[in-house]
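Asker: Going line by line, the protein sequences match chains G and D. Residue numbering for the first sequence is 13 to 357, as defined by our numbering. Residue numbering for the second sequence is 76 to 170, as defined by our numbering.
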Amino acid sequence: MSIRSARTQRSLLQEVTSKCSRLNIPIQVALELTYRCNLRCSHCYIDLAETDELSFDEWKEVLSQLKEAGSIYLLFTGGEIMVRNDFLDIAAYARRSGFFIGLLTNCTLLTPDISRAIAELRPFAIGTSLYGATASTHESVTRVPGSFQKALEGIRLLVAAGVMPTVQTIVMQTNVHELPQIEELVERLGARSDINIGMAPSKTGSDFPFQYAPGIEALLNCGWQPETPDPTGEQGPQLCKAGKANCSISPHGDVFPCIMFPMKLGNLRESSFDSIWRLEPCAELRYLRSMRRSDLYACNGCELRAYCQRCTGSAYVESGRMDGPSSSACRQAQLRWQLTEVGEV
Amino acid sequence: MKGSQIARAEDIIWRRIEDETVVITDDGLSVHVLNKTATHVWELCDGTCGPDEITASLCDRFDVSFEEANADVKDIIAKLEQMGLLKQAMEVPGQ
Numbered sequence: 013m014s015i016r017s018a019r020t021q022r023s024l025l026q027e028v029t030s031k032c033s034r035l036n037i038p039i040q041v042a043l044e045l046t047y048r049c050n051l052r053c054s055h056c057y058i059d060l061a062e063t064d065e066l067s068f069d070e071w072k073e074v075l076s077q078l079k080e081a082g083s084i085y086l087l088f089t090g091g092e093i094m095v096r097n098d099f100l101d102i103a104a105y106a107r108r109s110g111f112f113i114g115l116l117t118n119c120t121l122l123t124p125d126i127s128r129a130i131a132e133l134r135p136f137a138i139g140t141s142l143y144g145a146t147a148s149t150h151e152s153v154t155r156v157p158g159s160f161q162k163a164l165e166g167i168r169l170l171v172a173a174g175v176m177p178t179v180q181t182i183v184m185q186t187n188v189h190e191l192p193q194i195e196e197l198v199e200r201l202g203a204r205s206d207i208n209i210g211m212a213p214s215k216t217g218s219d220f221p222f223q224y225a226p227g228i229e230a231l232l233n234c235g236w237q238p239e240t241p242d243p244t245g246e247q248g249p250q251l252c253k254a255g256k257a258n259c260s261i262s263p264h265g266d267v268f269p270c271i272m273f274p275m276k277l278g279n280l281r282e283s284s285f286d287s288i289w290r291l292e293p294c295a296e297l298r299y300l301r302s303m304r305r306s307d308l309y310a311c312n313g314c315e316l317r318a319y320c321q322r323c324t325g326s327a328y329v330e331s332g333r334m335d336g337p338s339s340s341a342c343r344q345a346q347l348r349w350q351l352t353e354v355g356e357v
Numbered sequence: 076m077k078g079s080q081i082a083r084a085e086d087i088i089w090r091r092i093e094d095e096t097v098v099i100t101d102d103g104l105s106v107h108v109l110n111k112t113a114t115h116v117w118e119l120c121d122g123t124c125g126p127d128e129i130t131a132s133l134c135d136r137f138d139v140s141f142e143e144a145n146a147d148v149k150d151i152i153a154k155l156e157q158m159g160l161l162k163q164a165m166e167v168p169g170q
């Protein structure tokens with residue numbers, strides 16, 4: 013049989029993605045349209061201000077180059093993508109040009125018209141954030157009064173337009189007591205809840221976001237437990253597809269292996285994507301692509317490796333080496349181990 | 076099918092990946108991976124070729140008889156049409 017087919021995305025797409033990873037074809041690309049945002053979230057990992065954003069015409073050229081490189085899935089993110097007046101034009105152009113698109117938005121700027129326009133794009137994913145089940149908790153993080161009701165209304169508009177957003181909640185000291193209520197609220201809204209403890213360092217390498225992470229006592233008493241792997245399994249952290257099947261492009265055209273991996277590979281105003289990615293990859297990118305699990309010198313012997321969700325980008329930020337340990341992943345593995353072991357006692 | 080030009084459906088997204096082609100329906104739900112031979116056929120289904128021209132191209136590229144290749148081409152086209160990935164473009168005048 014010369015044609016393999018699947019009605020569900022997972023099996024064949026995983027196979028395709030693995031092949032892209034082996035061949036360094038960037039099948040999924042995160043496009044950061046802007047770092048500007050109408051919220052001021054306390055833990056936000058974007059601690060950069062950038063005004064020299066690529067124009068719509070420049071994004072058109074980038075999209076053309078990405079299609080040539082084999083990209084299929086584009087994730088539009090920010091900042092808040094909707095502070096750009098032309099974000100829908102860019103997304104619709106991308107869809108017409110033969111890409112699947114996903115969006116990350118805080119939903120506060122959505123209108124009925126924008127929601128319907130987004131639904132027409134048939135996005136493969138829409139992610140948004142909710143930091144509390146109440147206005148006071150949510151807005152203690154976003155630091156913008158009224159943002160809770162606007163976020164809820166935006167989620168309702170998307171659901172009414174036939175789009176089911178995934179509502180992500182990062183567990184923080186301020187919301188750890190409301191996690192079951194957040195899940196209930198999201199369910200009532202008709203969306204999907206995703207609660208996780210994966211706080212990340214900032215893009216410039218600062219660890220300030222971790223001051224907002226909850227301690228083990230609070231997590232143990234909150235009535236919510238993160239998904240944990242089989243602790244008897246020998247699986248350790250897997251190497252991700254950053255720099256291989258995944259990459260990201262910043263608002264002014266810098267190319268990175270992934271949105272969480274601030275190792276600049278080049279700039280699209282100075283070089284073509286093909287040159288940066290395939291023809292003349294820098295030494296760091298070549299090393300990233302050659303890395304094996306056995307190169308994770310601090311991780312392979314770790315007793316907590318079954319609990320670890322190491323991010324190579326965070327490891328690069330935190331240890332200065334992409335094959336080094338990620339201190340945040342170490343802490344979070346410790347938390348998962350404690351939640352599993354202590355929670356079972 | 077003999078004289079019809081074959082075109083790819085409009086509501087699909089596809090990319091060549093090495094010697095294979097991944098084809099995904101516009102709703103993102105159906106994924107198909109075409110092997111090397113099917114990829115060659117697929118790339119010629121641009122609305123200007125019929126099965127015989129595609130077969131001739133296949134014979135130029137691979138060491139295969141016209142009869143054998145023509146049967147494969149028709150089989151591949153029929154399957155891709157059944158999946159909604161290909162369509163008859165138009166009738167070739169005089170055929």
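Idealized CB from N, CA, C, for every residue including glycine.
Pop quiz: valine 160 of chain D and isoleucine 87 of chain D are said to be a contact at Cβ under 8 Å. What is the actual Cβ separation, rounded to whole angstroms?
Answerer: Mapped onto the second sequence, residue 160 of chain D falls at position 85. Mapped onto the second sequence, residue 87 of chain D falls at position 12. The amino acid at residue 160 of chain D is misidentified as valine; the sequence shows leucine. Yes, they are in contact, since the Cβ atoms of leucine 160 of chain D and isoleucine 87 of chain D sit about 6 Å apart, within 8 Å.
Asker: Using Cβ-Cβ distances below 7 Å, what residues of the segment 26-54 of chain G are close to chain D?
Answerer: From the segment 26-54 of chain G, only Val28, Lys31, Cys32, Leu35, Ile37 have a Cβ closer than 7 Å to chain D.
Asker: Specify whether the segment 133-141 of chain G and the segment 99-117 of chain G touch according to this definition: at least 3 beta carbon pairs, one from each stretch, less than 8 Å apart.
Answerer: The answer is yes - the segment 99-117 of chain G touches the segment 133-141 of chain G, with three or more Cβ pairs under 8 Å.
Asker: Give me the subset of the segment 85-98 of chain D whose CB atoms are less than 7 Å from a CB atom of chain G, sorted by chain position.
Answerer: The residues in question are Ile88, Arg90, Ile92, Glu93, Val97.
Asker: In the DSSP output, which residue or residues are listed as bridge partners for aspartate 266 of chain G?
Answerer: Position 254 of the first sequence, counted from the first residue, corresponds to residue 266 of chain G. Answer is G/Asn279.
Asker: In whole angstroms, what separates the C-alpha of tyrosine 224 of chain G from that of glutamate 353 of chain G?
Answerer: What you label residue 224 of chain G is simply residue 212 of the first sequence in a count that begins at 1. What you label residue 353 of chain G is simply residue 341 of the first sequence in a count that begins at 1. Cα to Cα, the separation comes out at about 24 Å.
Asker: Grab me the residues of valine 198 of chain G's own chain with a C-beta within less than 6 Å of its C-beta, minus the 5 sequence neighbours each way, in chain order.
Answerer: Position 186 of the first sequence holds residue 198 of chain G. Same-chain partners within the cutoff: Val179, Ser205.
Asker: With serine 159 of chain G and glutamate 165 of chain G assumed to form a contact (beta carbons below 8 Å), what rounded beta-carbon distance in angstroms separates them?
Answerer: If you number the first sequence from 1, residue 159 of chain G lands on position 147. If you number the first sequence from 1, residue 165 of chain G lands on position 153. So it is not a contact: roughly 11 Å between Cβ atoms.
Asker: Output, in chain order, the set of chain G residues within a Cβ distance shorter than 9 Å of glycine 125 of chain D.
Answerer: By one-based count along the second sequence, residue 125 of chain D stands at place 50. Within 9 Å Cβ-Cβ: nothing; glycine 125 of chain D doesn't reach chain G, min ~19 Å.
Asker: Does the beta-carbon of leucine 133 of chain G have 16 or more other beta-carbons within 10 angstroms, so that it is buried, or is it exposed?
Answerer: Mapped onto the first sequence, residue 133 of chain G falls at position 121. Buried.
Asker: Put glycine 114 of chain G into one of helix, strand or coil per three-state DSSP.
Answerer: To locate residue 114 of chain G, count along the first sequence from 1; it is residue 102. Correct three-state label for glycine 114 of chain G: strand.
Asker: Exposed or buried, which one is phenylalanine 273 of chain G when buried takes at least 16 other CB atoms within 10 Å?
Answerer: The sequence position of residue 273 of chain G within the first sequence is 261, counting from 1. Buried, since its Cβ has 16 or more Cβ neighbours within 10 Å.
Asker: Below 8 Å on C-beta distance, what does valine 148 of chain D contact in chain G?
Answerer: The residue labelled residue 148 of chain D in the question sits at position 73 within the second sequence. Under the 8 Å cutoff, chain G gives no residues; its nearest Cβ is about 11 Å from valine 148 of chain D.
Asker: Considering glutamate 83 of chain D, what are the terminal residues of the beta strand (DSSP E) in which it resides?
Answerer: In the second sequence, counting from the first residue as 1, residue 83 of chain D sits at position 8. Residue identity check: residue 83 of chain D is arginine in the sequence provided, not glutamate. Per DSSP, arginine 83 of chain D belongs to the beta strand (DSSP E) from 79-83.
Asker: If we cut at 7 Å on Cβ distances, does glycine 103 of chain D have a partner in chain G?
Answerer: What you label residue 103 of chain D is simply residue 28 of the second sequence in a count that begins at 1. Answer yes: the Cβ-Cβ gap between glycine 103 of chain D and chain G drops below 7 Å somewhere.
Asker: Would you call the segment 17-36 of chain G and the segment 69-76 of chain G in contact, with 3 or more CB pairs under 8 Å?
Answerer: In short, these stretches do not touch, since the Cβ pair count stays below three.
Asker: Glycine 82 of chain G: which of D/Val97, D/Asn110, D/Ser79 sits nearest, CA to CA?
Answerer: As a first step, residue 82 of chain G must be located in the first sequence, where it is residue number 70. The shortest Cα separation from glycine 82 of chain G among D/Val97, D/Asn110, D/Ser79 belongs to D/Val97.
Asker: When burial is assigned at 16 or more other CB atoms within 10 Å of the CB, is asparagine 187 of chain G buried or exposed?
Answerer: Reading the first sequence from its first residue, position 175 is the one you call residue 187 of chain G. Buried.
Asker: What is the DSSP secondary structure of phenylalanine 99 of chain G, reduced to helix, strand or coil?
Answerer: One-based indexing of the first sequence puts residue 99 of chain G at position 87. Here phenylalanine 99 of chain G sits in helix by DSSP.
Asker: Please confirm whether leucine 60 of chain G and lysine 215 of chain G have their CB atoms less than 7 Å apart.
Answerer: Along the first sequence, read from residue 1 onward, the residue named residue 60 of chain G stands at position 48. Along the first sequence, read from residue 1 onward, the residue named residue 215 of chain G stands at position 203. Going by C-beta atoms, leucine 60 of chain G is nearer than 7 Å to lysine 215 of chain G.
Asker: Distance check for proline 192 of chain G and alanine 268 of chain G, CA to CA, integer angstroms please.
Answerer: Stepping through the first sequence from its first residue, residue 268 of chain G is reached at position 256. Stepping through the first sequence from its first residue, residue 192 of chain G is reached at position 180. Correcting the residue identity first, residue 268 of chain G is phenylalanine in this sequence and not alanine. Each residue's Cα considered, the two are about 36 Å apart.
Asker: Does the Cβ of glutamine 250 of chain G lie closer than 6 Å to at least one heavy atom of the ligand MN?
Answerer: Although the ligand MN was asked about, the structure shown includes no ligands whatsoever.
Asker: Please classify aspartate 147 of chain D as buried or exposed, where buried requires at least 16 other C-beta atoms within 10 Å of its C-beta.
Answerer: Indexing the second sequence from 1 puts residue 147 of chain D at position 72. Buried, because 16 or more other Cβ atoms sit within 10 Å of the Cβ of aspartate 147 of chain D.
Asker: Note down, in chain order, each residue of its chain lying with its Cβ closer than 8 Å to the Cβ of threonine 112 of chain D, except the 5 sequence neighbours on either side.
Answerer: One-based indexing of the second sequence puts residue 112 of chain D at position 37. Contacts found: Leu133, Phe137, Asp147, Ile151.
Asker: Distance cutoff 7 Å, beta carbons only. Does serine 17 of chain G sit that close to anything in chain D?
Answerer: Within the first sequence, numbered from 1, the residue matching residue 17 of chain G stands at position 5. By this cut-off, serine 17 of chain G is an interface position.
Asker: Identify whether tryptophan 71 of chain G lies in helix, strand or coil by the three-state DSSP scheme.
Answerer: One-based indexing of the first sequence puts residue 71 of chain G at position 59. Correct three-state label for tryptophan 71 of chain G: helix.
Asker: If contacts are defined as beta-carbon pairs under 8 Å, then leucine 231 of chain G and leucine 351 of chain G qualify, I think. What distance do you get, rounded to the angstrom?
Answerer: Numbered from its first residue, the first sequence carries residue 231 of chain G at position 219. Numbered from its first residue, the first sequence carries residue 351 of chain G at position 339. The Cβ separation is near 6 Å, so the contact holds.
Asker: Would you list, in chain order, the members of the segment 84-118 of chain G that have their beta-carbon closer than 8 Å to a beta-carbon of chain D?
Answerer: Listed by position, the residues of the segment 84-118 of chain G near chain D (Cβ gap below 8 Å) are Ile84, Gly110, Phe111, Phe112.
Asker: State yes or no: is the C-beta of asparagine 50 of chain G within less than 7 Å of the C-beta of glutamate 80 of chain G?
Answerer: Here the question's residue 50 of chain G lines up with position 38 in the first sequence. Here the question's residue 80 of chain G lines up with position 68 in the first sequence. Going by C-beta atoms, asparagine 50 of chain G is not nearer than 7 Å to glutamate 80 of chain G.
Asker: Here's the rule I'm using: 16 or more other beta-carbon atoms within 10 Å means buried, otherwise exposed. How should lysine 77 of chain D be labelled?
Answerer: Here residue 77 of chain D is taken as the residue at index 2 of the second sequence, counted from 1. In this prediction, lysine 77 of chain D scores a pLDDT of 48, lower than 50, which makes its location untrustworthy; no coordinate-derived value is stated.
Asker: Which residue from G/Asn233, G/Ile228, G/Val175, G/Arg34 puts its Cα closest to that of arginine 298 of chain G?
Answerer: In the first sequence, residue 298 of chain G corresponds to position 286, counting from 1. Considering only alpha carbons, the answer is G/Arg34.
Asker: Name the two residues that bound the continuous alpha helix (DSSP H) containing phenylalanine 136 of chain G.
Answerer: The count along the first sequence starts at 1 and reaches residue 136 of chain G at position 124. From DSSP, phenylalanine 136 of chain G is part of no alpha helix (DSSP H); its letter is neither H nor E.
Asker: Near serine 339 of chain G, what residues of its chain come up, given a Cβ to Cβ distance below 6 Å and the 5 sequence neighbours on each side ignored?
Answerer: On the first sequence, residue 339 of chain G is found 327 positions in, with the first residue counted as 1. For serine 339 of chain G, where only same-chain residues beyond five positions count, the Cβ hits under 6 Å are Glu330.
Asker: Measure the C-alpha to C-alpha separation of tyrosine 85 of chain G and phenylalanine 112 of chain G and round it to an integer number of angstroms.
Answerer: For the purposes of this step, residue 85 of chain G is taken as the residue at position 73 of the first sequence. For the purposes of this step, residue 112 of chain G is taken as the residue at position 100 of the first sequence. About 5 Å.
Asker: Using alpha carbons as the reference points, say which of D/Val139, D/Arg90, D/Val108 lies closest to isoleucine 39 of chain G.
Answerer: Against the first sequence, residue 39 of chain G aligns to sequence position 27. With distances taken between Cα atoms, isoleucine 39 of chain G lies closest to D/Arg90.
Asker: Determine whether the beta carbon atoms of alanine 341 of chain G and cysteine 320 of chain G lie at a separation below 7 Å.
Answerer: The residue you call residue 341 of chain G lines up with position 329 of the first sequence. The residue you call residue 320 of chain G lines up with position 308 of the first sequence. For alanine 341 of chain G and cysteine 320 of chain G, yes; Cβs fall inside 7 Å.
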